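*Asks:* Residue numbers (the numbering used here): 221 to 617. Sharing a structure below in structure tokens format, with a few things to ask.
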């Protein structure tokens, strides 16, 4: 086939979480290039062409796209890929990307907290520290969470209970930030959830809610379930808040994914992203609803007609668990005793390959179908207790 007659897409990122996006592009008959500086990552194996560049350098990505004759550029499931791709889109005029200013508001904790405060979006009260600025918490009430402004997966996040712990927590957050910027916010008691909303013409065309749990590393989600246990009143409130965010920021068509806390009927927005969430999040929703989450993302990014018809109504009851460890190890295998006859495993590591401790590494992601809502809600928060990890160093319960 003459490649000049075939539209060309560049996938920015190459790890396992990007594979569903790659196959959604493949089904459209596109010529697919993949960029990323890890030749061992799986997307390169399926690419028509690979570019082994460090896409965290936006100018390196810009140079590649300027010379690559691409029709589409597609960010994958990390903030660096999204921000670099947005930078290039702004420079070269690719449609359906927000401005860099808007993307920075959404993907940087400091900027997002300023946005929520100025627009009365319910979120934890916070202060921001830049560089070596003095450490002040103002009128914030302990306990507090100290976070890097630009980190993810809970890296560098510390919960503190009094001022004696503040300096060490700030130092740790700065070490985990590329910009040394820190957010200090009030700790909110509540349950953690996520909301994926697909935006078309600045309206929410379709959305899903998921319950989330952090059970191994304190601020990294490792277990989740769909459908959510949230009451309809909380769903409506969250949906209304995010619809307002979409309007205020004049968001382009595409996904906006949000983590939020809920307590009773109260909602606090924690963070948002316009990229796909990682760790095969969308596959949980796919198996519960019978849709294709990654395909919906690509549909909007490519400007195609958007429609969703779930095959399963009501949804099937599914839980998801990312298998990690609180200590470094060399896995041999793992076993499980999950009370489900339908457990599906996405293996991420081979036997004998070293595994770092959470939140820096993971062994596998599994999905379990349950017969009832009650069973799903009982097992999902305790998934880790049903997993046994066998290692070269000796078994880890």
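Glycine included, every Cβ here is placed at the ideal spot set by N, Cα and C. All values derive from a computational prediction rather than experimental measurement.
Determine the direct distance from the alpha carbon of residue 353 to that of residue 221, and round the result to whole angstroms.
*Replies:* Because residue 221 carries a pLDDT of 39, less than 50, the predicted location of this residue cannot be relied on, and the following value inherits that uncertainty. Cα to Cα, residue 221 sits roughly 59 Å from residue 353.
*Asks:* Can residue 241 and residue 284 be called in contact, C-beta distance under 9 Å?
*Replies:* Going by C-beta atoms, residue 241 is not nearer than 9 Å to residue 284.
*Asks:* At what residues does the beta strand (DSSP E) containing residue 433 begin and finish?
*Replies:* Here the beta strand (DSSP E) through residue 433 covers 423-433.
*Asks:* Inspect the beta-carbon positions of residue 322 and residue 232 and report whether they are closer than 9 Å.
*Replies:* Against a cut-off of 9 Å, the Cβ pair of residue 232 and residue 322 comes out as no contact.
*Asks:* DSSP three-state label for residue 319, please.
*Replies:* Coil at residue 319, not helix or strand.
*Asks:* Check residue 485 in the structure and name its three-state DSSP category.
*Replies:* DSSP places residue 485 in coil when its eight states are reduced to three.
*Asks:* Can you pull the DSSP bridge partners for residue 326?
*Replies:* Residue 326 pairs with nothing; no bridge assigned.
*Asks:* For the alpha helix (DSSP H) holding residue 465, just list the boundary residues, first then last.
*Replies:* Note, residue 465: alpha helix (DSSP H), 452-469.
*Asks:* Under 9 Å between C-beta atoms, does residue 469 make it to chain C?
*Replies:* Absent from the structure: chain C. Only one protein chain is present.
*Asks:* Where does residue 286 sit, in a helix, a strand or coil, going by DSSP?
*Replies:* In the structure shown, residue 286 sits in a helix (DSSP, three-state: H, G or I).
*Asks:* Residue 269 bridges to which residues according to DSSP?
*Replies:* Paired residues: 253.
*Asks:* Could you check which residue in 447, 449, 432, 448 has the C-alpha nearest to that of residue 441?
*Replies:* Comparing Cα positions, the closest option is 432.
*Asks:* Could you check where the beta strand (DSSP E) with residue 539 kicks off and where it finishes?
*Replies:* Start and end: 537-543.
*Asks:* Taking just the CA atoms, how far does residue 369 sit from residue 349?
*Replies:* Whole-angstrom Cα-Cα distance: 9 Å.
*Asks:* Just to confirm, is the Cβ distance from residue 590 to residue 510 under 9 Å?
*Replies:* Taking 9 Å as the Cβ cut-off, residue 590 and residue 510 do not qualify as a contacting pair.
*Asks:* With DSSP as the reference, please indicate the residues paired to residue 474 in a beta bridge.
*Replies:* Paired residue(s): 419.
*Asks:* Note down, in chain order, each residue of its chain lying with its Cβ closer than 6 Å to the Cβ of residue 447, except the 5 sequence neighbours on either side.
*Replies:* 535.
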